[in-house]
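First up is the structure itself, then whatever we jot down about it.
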Amino acid sequence: MDTAEKFDEKTPGSDKLAGQIEGEQAMDNTTRYPDQTIGTPFVDSPKMRMRDVDVFYGDKQAIHGVSLDIGKNEVVALIGPSGCGKSTFLRCLNRMNDTIDICQVKGNLHLEDQDLYDPKLDVVELRARVGMVFQKPNPFPKSIYDNVAYGPRIHGLANKKYDLDEIVETSLRKAGLWDEVKDRLHSPGTGLSGGQQQRLCIARTIAVSPEVVLMDEPCSALDPIATAKIEELIAELSESYTIAIVTHSMQQAARVSNRTAYFHLGRLVEMNDTETVFTKPEHDLTEAYITGRFG
Amino acid sequence: MQTGNLLLLLVVMIAGAYYLGHRRSFALARPLGGIRHLHSLPFYYAMRTAIWCAIPALAILGAWLAFDDTLIRVMVMDSLPAASFPADASSANLLLNQIGNVASGAIASSEVSPAVAAAAEKLNNLRELNSMAVAVVVIVVAMLGTAWGWVKISPQMRARQQVEKVLQTLFMLSATIAILTTVGILMSVMFESIRFFGKVPATDFLFGLQWSPQTALRADQVASEGAFGAIPLFMGTLLISAIALLVAVPVGLMSAIYLAEYAPARVRSFAKPALEVLAGVPTVVYGFFAALTVAPVIRQLGESIGLNVASESALAAGLVMGVMIIPFVSSLADDVITAVPQALRDASLGLGATRSETIKKVIFPAALPGIMGGILLAASRAIGETMIVVMAAGLAANMTVNPLEAVTTVTVQIVTLLTGDQEFDSAKTLAAFALGLMLFITTLLLNVVALHIVKKYREQYD
Numbered sequence: 001m002d003t004a005e006k007f008d009e010k011t012p013g014s015d016k017l018a019g020q021i022e023g024e025q026a027m028d029n030t031t032r033y034p035d036q037t038i039g040t041p042f043v044d045s046p047k048m049r050m051r052d053v054d055v056f057y058g059d060k061q062a063i064h065g066v067s068l069d070i071g072k073n074e075v076v077a078l079i080g081p082s083g084c085g086k087s088t089f090l091r092c093l094n095r096m097n098d099t100i101d102i103c104q105v106k107g108n109l110h111l112e113d114q115d116l117y118d119p120k121l122d123v124v125e126l127r128a129r130v131g132m133v134f135q136k137p138n139p140f141p142k143s144i145y146d147n148v149a150y151g152p153r154i155h156g157l158a159n160k161k162y163d164l165d166e167i168v169e170t171s172l173r174k175a176g177l178w179d180e181v182k183d184r185l186h187s188p189g190t191g192l193s194g195g196q197q198q199r200l201c202i203a204r205t206i207a208v209s210p211e212v213v214l215m216d217e218p219c220s221a222l223d224p225i226a227t228a229k230i231e232e233l234i235a236e237l238s239e240s241y242t243i244a245i246v247t248h249s250m251q252q253a254a255r256v257s258n259r260t261a262y263f264h265l266g267r268l269v270e271m272n273d274t275e276t277v278f279t280k281p282e283h284d285l286t287e288a289y290i291t292g293r294f295g
Numbered sequence: 001m002q003t004g005n006l007l008l009l010l011v012v013m014i015a016g017a018y019y020l021g022h023r024r025s026f027a028l029a030r031p032l033g034g035i036r037h038l039h040s041l042p043f044y045y046a047m048r049t050a051i052w053c054a055i056p057a058l059a060i061l062g063a064w065l066a067f068d069d070t071l072i073r074v075m076v077m078d079s080l081p082a083a084s085f086p087a088d089a090s091s092a093n094l095l096l097n098q099i100g101n102v103a104s105g106a107i108a109s110s111e112v113s114p115a116v117a118a119a120a121e122k123l124n125n126l127r128e129l130n131s132m133a134v135a136v137v138v139i140v141v142a143m144l145g146t147a148w149g150w151v152k153i154s155p156q157m158r159a160r161q162q163v164e165k166v167l168q169t170l171f172m173l174s175a176t177i178a179i180l181t182t183v184g185i186l187m188s189v190m191f192e193s194i195r196f197f198g199k200v201p202a203t204d205f206l207f208g209l210q211w212s213p214q215t216a217l218r219a220d221q222v223a224s225e226g227a228f229g230a231i232p233l234f235m236g237t238l239l240i241s242a243i244a245l246l247v248a249v250p251v252g253l254m255s256a257i258y259l260a261e262y263a264p265a266r267v268r269s270f271a272k273p274a275l276e277v278l279a280g281v282p283t284v285v286y287g288f289f290a291a292l293t294v295a296p297v298i299r300q301l302g303e304s305i306g307l308n309v310a311s312e313s314a315l316a317a318g319l320v321m322g323v324m325i326i327p328f329v330s331s332l333a334d335d336v337i338t339a340v341p342q343a344l345r346d347a348s349l350g351l352g353a354t355r356s357e358t359i360k361k362v363i364f365p366a367a368l369p370g371i372m373g374g375i376l377l378a379a380s381r382a383i384g385e386t387m388i389v390v391m392a393a394g395l396a397a398n399m400t401v402n403p404l405e406a407v408t409t410v411t412v413q414i415v416t417l418l419t420g421d422q423e424f425d426s427a428k429t430l431a432a433f434a435l436g437l438m439l440f441i442t443t444l445l446l447n448v449v450a451l452h453i454v455k456k457y458r459e460q461y462d
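So the protein sequences, as listed, match chains C and P.
Numbering follows our numbering, with no gaps: position 279 of the first sequence is 279.
Numbering follows our numbering, with no gaps: position 127 of the second sequence is 127.
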């Protein structure tokens, strides 16, 4: 059942998309999709390197030949209308798509020298290196301490209680939550406010010291003040982590990211410096999206 | 008129009342410009009229049927001439029965005294009058109710709220019935148990290590003094239930985890109903399976390694019972595991946990209350199960924890105490109620303990 839901959400063909396709046909037909991604999708010595990625849900293709790089300590924003495949693409980067039976990924995806879809790869190890923060805050129904300690415990990162305490404190400090929760580390994480819960989830993710943090619309369930805090946090985290963030808010993409990738119906249309994308978009579709003509 | 026919007529009248109410609400709405100008939908006006037709009439019918028999009896007895008036209550009952038989024609009126024959005739007359009267009264009340409901319909009337209120009361009454039944059963068991403890000291029953409920039926019979120590029976029950749970809990839980977390949708859609079929097999079938197939196998196996196994053993009964209750554990556990939000699984997997780590550390604690519920249900099935034990574990009240010996359980003893020719106030029969009470208390305690465990370890999501 979960599979079916995700299928609807992330594949072309839902009602919403049908509308978009119609709207799009009214536009200039000759410059629909560029043969190659416009702009500068590649960087020197990237942290993650993706080439010709195709993703299928059963018979339907959700991602068409996407190639891009994510540089070290860079914040990359993935934007685009609903159903354009940006979340699907993000979920390929730590193989969360594995949990969906009918999902199939093709192409070359590398984290430094490691092929992500190497059959010999231990996906547990990969996910420890590439962490993920989800759209809806999803703390475990455990105490705040146990939430943060969950990852370090399963990966055996701490030998003594003292070490674990330190990891928990550092992670909560990095997530800007320590001062708010230090007196109630053993009360349930689900009792926090939405914004605090999301920062707890970020603390939980960085507690296993990942190299890359993937964020799938981390602020879409939060109020503006909580959103501002998370954005501040992203800026701080980018000093030590590489971040890829999917967002529906163009202002957010403009505020937090170094480079922005614009996805449209499963294709990567344009990728450039964030400033360029928002001030001088090169492709019609990108311009139409950021000026609010659709999406 | 027969009560059945009267009820049928009442149903027709209720339907009529509904129809009338419906029509009137439409008729009232038309000049106003449609039903949106009424306070409630026509359905509610119609329902309200039907309720006014039904409830007073049914209440009167119920009250009438509850008391008319007693009233008629009193009137018949009063009509008897003083000479044939019975001396005491039991002969009065006898006489009434005789009159009743004459009235229904089972005894010819020529065979009895003229006074009785006259009384029988009076009884028949009264009954006829009574059924006429009840029919007339109920129909009139139903018509009056309908008329009242119909007249009161107006565009301003708050019919919706009133109907909601009636429905709410109906739901509450239904809940009360279930609770009162439980209380009633408990009371009846308790009173009989008190009588039992009047004959046998409670300490003998609770702490006695001997169970042989053979008492003399008649005063001149030679029989041993019965021994009513319940401990061997409870030991037997616990032993067999423990064996059953040792089979059912691990197997049931693991199959639930497989079905919920690993099985492809195709396997699941086939395997889940197949597992549930186990619960539908009649227990008597399990019983002879245990006695004729499993018990001999265990006996042979035991003997091949030099163990002395009774032909009826706790092990055979327990194993088969365990298989029987697997679906109680697996089906409920599967439901609650599936209900754990996908977001929690994603969170755990996204941190690099394996599937089994996710199950152990996240899903299992979140699903614990439901899992405990399933185990508890299975445990109470095991404790209450009778048929398998009768057939496979025997009747001998051995005090043992050796699963290879024959034992007996509380429920089996209740059955043997209450079947066959029994005097209903002997200690032997009353012992069954005391056992029932003890069983009730045991399962109650089990529930309390389980609730406590759930409260302590539950991890609430959302």
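Every residue gets a Cβ at the ideal spot worked out from N, C-alpha and C, and that includes glycine.
Please report how far the alpha carbon of residue i lies from the alpha carbon of residue j, in whole angstroms.
i, j, result
"I38 (chain C)", "D115 (chain C)", "26 angstroms"
"T276 (chain C)", "T354 (chain P)", "42 angstroms"
"K136 (chain C)", "P188 (chain C)", "17 angstroms"
"A54 (chain P)", "V11 (chain P)", "8 angstroms"
"L185 (chain C)", "L268 (chain C)", "43 angstroms"
"L90 (chain C)", "A149 (chain C)", "25 angstroms"
"L464 (chain P)", "A147 (chain P)", "Residue 464 (chain P) lies beyond the range of chain P shown here (1 to 462); nothing can be said about it."
"L301 (chain P)", "L319 (chain P)", "15 angstroms"
"A339 (chain P)", "A260 (chain P)", "9 angstroms"
"T40 (chain C)", "N138 (chain C)", "35 angstroms"
"T176 (chain P)", "V401 (chain P)", "42 angstroms"
"P46 (chain C)", "L111 (chain C)", "9 angstroms"
"D28 (chain C)", "M271 (chain C)", "Residue placement at D28 (chain C) is poorly supported in this model, since its pLDDT is 47, which falls under 50; the coordinates still yield a value, given next. Their Cα atoms are separated by approximately 21 angstroms."
"N308 (chain P)", "I388 (chain P)", "22 angstroms"
"G23 (chain C)", "V105 (chain C)", "With a pLDDT of 44 at G23 (chain C), under the threshold of 50, the modelled position of that residue is not reliable, and the figure given next carries that caveat. Taking the straight line joining both Cα atoms gives about 29 angstroms."
"S90 (chain P)", "R73 (chain P)", "14 angstroms"
Would you say residue i lies against chain C (beta-carbon separation less than 8 angstroms)?
i, result
"A366 (chain P)", "yes"
"A343 (chain P)", "yes"
"L446 (chain P)", "no"
"P264 (chain P)", "yes"
"V284 (chain P)", "no"
"R362 (chain P)", "Looking at the sequence itself, residue 362 (chain P) is Val, so the reference to Arg does not match. Cβ-Cβ to chain C under 8 angstroms: yes for V362 (chain P)."
"F270 (chain P)", "no"
Let me make sure I understand the geometry here. Which of the options has the alpha-carbon closest to that of residue i?
i, options, result
"V213 (chain C)", "C:E169, C:S240 and C:L285", "C:S240"
"V123 (chain C)", "C:D98, C:A203 and C:L157", "C:D98"
"V246 (chain C)", "C:G107, C:L265, C:K182 and C:C219", "C:C219"
"A316 (chain P)", "P:L307, P:S331, P:V329 and P:R299", "P:R299"
"Y275 (chain P)", "P:V285, P:V251, P:V407 and P:G33", "Correcting the residue type first, residue 275 (chain P) is Leu in the shown sequence and not Tyr. Ranking the options by Cα distance to L275 (chain P), first place goes to P:V251."
"G266 (chain C)", "C:Q61, C:K280 and C:K161", "C:Q61"
"K199 (chain P)", "P:L126, P:G226, P:A178 and P:L96", "P:G226"
Could you confirm whether any beta carbon from chain A is found closer than 8 angstroms to the beta carbon of residue i?
i, result
"L259 (chain P)", "Among the chains of the structure shown, chain A does not appear; the protein chains present are C and P."
Using beta carbons (cut-off 8 angstroms, strictly below), is residue i in contact with chain P?
i, result
"R267 (chain C)", "no"
"M48 (chain C)", "no"
"R199 (chain C)", "no"
"T88 (chain C)", "no"
"N94 (chain C)", "yes"
"R127 (chain C)", "yes"
"H283 (chain C)", "no"
"K204 (chain C)", "The question names Lys, yet the displayed sequence has Arg at residue 204 (chain C). Cβ-Cβ to chain P under 8 angstroms: yes for R204 (chain C)."
"I154 (chain C)", "yes"
"V124 (chain C)", "yes"
Give, in chain order, every residue of the region 347–359 of chain P whose Cβ lies closer than 8 angstroms to some Cβ of chain C. Residues A347, S348, L349, G350, L351, G352, A353, T354 and E357.
Three or more C-beta pairs below 8 angstroms linking the region 376–383 of chain P and the region 232–252 of chain P: Enough Cβ pairs lie closer than 8 angstroms, so yes.
Counting Cβ pairs, one atom from each stretch, are 3 or more of them under 8 angstroms apart for the region 221–235 of chain C and the region 249–256 of chain C? With three or more CB-CB distances shorter than 8 angstroms, the region 221–235 of chain C counts as touching the region 249–256 of chain C.
Could you please tell me which residues of the region 98–117 of chain C, in chain order, have their CB closer than 8 angstroms to any CB of chain P? Among the residues of the region 98–117 of chain C, those with a Cβ less than 8 angstroms away from any Cβ of chain P are T99 and D101, in the order of the chain.
Sufficient close CB pairs (3 or more, under 8 angstroms) joining the region 437–451 of chain P to the region 185–201 of chain P: Counting Cβ pairs under 8 angstroms, three or more are found: they touch.
If contact means a Cβ-Cβ distance below 7 angstroms, which residues of the region 132–150 of chain C contact chain P? Across the region 132–150 of chain C, CB contacts with chain P closer than 7 angstroms involve M132, F134, K136, N138, F140, P141, K142 and Y150, in sequence order along the chain.
Between the region 37–44 of chain P and the region 18–26 of chain P, are three or more C-beta pairs nearer than 8 angstroms? Yes, the region 37–44 of chain P is in contact with the region 18–26 of chain P.
The region 238–250 of chain C: positions lying closer than 9 angstroms to chain P by Cβ: So the list is empty, because no residue satisfies the distance condition.
Chain P contacts made by the region 58–75 of chain C, where a contact means CB separation under 7 angstroms: Cβ contacts with chain P: none found.
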